[in-house]
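Notes to accompany the following structure.
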Ligand code: ATP
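In my numbering, the protein residues as written are 155 to 465.
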């Protein structure tokens, strides 16, 4: 039997009054992945995390975490899950070490095990040797401490609700590096409305819009499936004639002449384009100086799937 998914939801639905915050969500998060849950404000991300952690009950549908139904086995599930809410609370008078010791003791850790866990987490968060009180920490330091605290019970699954949204670029970079360093150690599921976060650290992503998952796949697959790509061709001469020939191909969405002998082609089928272009160039009896296929970013995929619309 294959290993259970870290998270599996089936037709998961949550209705608040007239609002369908989640509307039939089928989501599978593979164990071991760093999974981005991407959606604009109001898409239903926080609602999803509340249902997965058992903090709220679904209107209908099911949520399984680490192979167990959260509504049936909430406490068992929570013992194996770490969670950082969107607005975490801290005790400002404590140091980072005090705070992690306190959090660890709530999970029953004592003695050497607690010492080792706290030392490892301070190191992971880049807070070793920081003796000032949490009240004086930057937002970035607080978030890193928050993630460390969510890891204190060595969870198999770490859930983070918009962990980077209040951070400046440096703070985001540090926190994302911390998340990336967990790869292979624990499954990470984090919500965000920031595309760059997902592109930087996630293996796979689900895109949520108006309570529905509009796409979920490994990132590379999503960009390949939905995107047009840019291909740059550079030839030694005859670029104008070549541009006209390329524009007539079925995979060419647009063709723009660049400087010198370069031509930028937006293609709908990159594989076909890369196969055809050298043959067309050879048929013209001209020299091919460069052929490059650019990657389409997640941003274009996101806009294509969710549209320009924002709530
Ligand atoms: P944000 O990024 O703004 O936090 P989100 O993607 O986390 O957004 P949710 O907070 O899950 O979105 O909200 C989804 C929808 O459900 C919104 O329309 C919101 O107003 C509504 N909603 C969420 N919680 C409640 C509640 N307790 N009562 C009523 N409506 C709610």
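Even for Gly, the Cβ is constructed at its ideal location relative to N, Cα and C.
According to the DSSP assignment, residue 323 belongs to the alpha helix (DSSP H) that extends over 323 to 334. By the neighbour-count criterion, in which a residue is buried when 16 or more other Cβ atoms sit within 10 angstroms of its Cβ, residue 351 is buried. For the ligand ATP, the residues with a Cβ under 5 angstroms from any of its heavy atoms are, in chain order, 170, 173, 175, 195, 196, 197, 198, 199, 200 and 201. Beyond the five residues adjoining it in sequence on each side, residue 397 comes within less than 6 angstroms, by CB distance, of 409, 411 and 417 in the same chain, given in chain order.
Around the CB of residue 421, 16 or more other CB atoms lie within 10 Å, so the residue is classed as buried. In the three-state reduction of the DSSP assignment, residue 272 falls in the helix class, which pools H, G and I. The beta carbons of residue 365 and residue 175 sit about 6 angstroms from each other, so the pair counts as a contact at 8 angstroms. With a cutoff of 7 angstroms on beta-carbon distance, residue 162 and residue 182 are scored as near each other. Of 198, 193, 218 and 353, the smallest CA-CA separation from residue 207 is found for 218. Between the alpha carbons of residue 288 and residue 173 lies a gap of roughly 38 angstroms.
Secondary structure of residue 446 (DSSP, three-state): strand.
Contact between the stretch 334 to 351 and the stretch 302 to 314 is present: 3 or more CB-CB pairs across the two stretches fall below 8 angstroms. In the pairwise beta carbon analysis, the stretch 318 to 332 is classified as not touching the stretch 247 to 262: fewer than three pairs are separated by under 8 angstroms. By the C-beta density criterion, residue 226 is exposed, having fewer than 16 other C-beta atoms within 10 angstroms. With respect to residue 349, residue 459 sits apart: the two C-beta atoms are not nearer than 7 angstroms. Secondary structure note for residue 253: its alpha helix (DSSP H) is the uninterrupted segment 250 to 260. Bounds of the beta strand (DSSP E) holding residue 190 are 188 to 192.
Take the alpha-carbon of residue 189 and the one of residue 315: they are about 12 angstroms apart. Two segments are said to touch when three or more pairs of C-beta atoms, one from each, lie closer than 8 angstroms; by this definition the stretch 389 to 408 touches the stretch 429 to 437. Contact check for residue 361 against residue 391 fails: the beta carbons are separated by 7 angstroms or more.
Sorting 448, 376, 240 and 250 by C-alpha distance to the C-alpha of residue 383 places 448 at the top.
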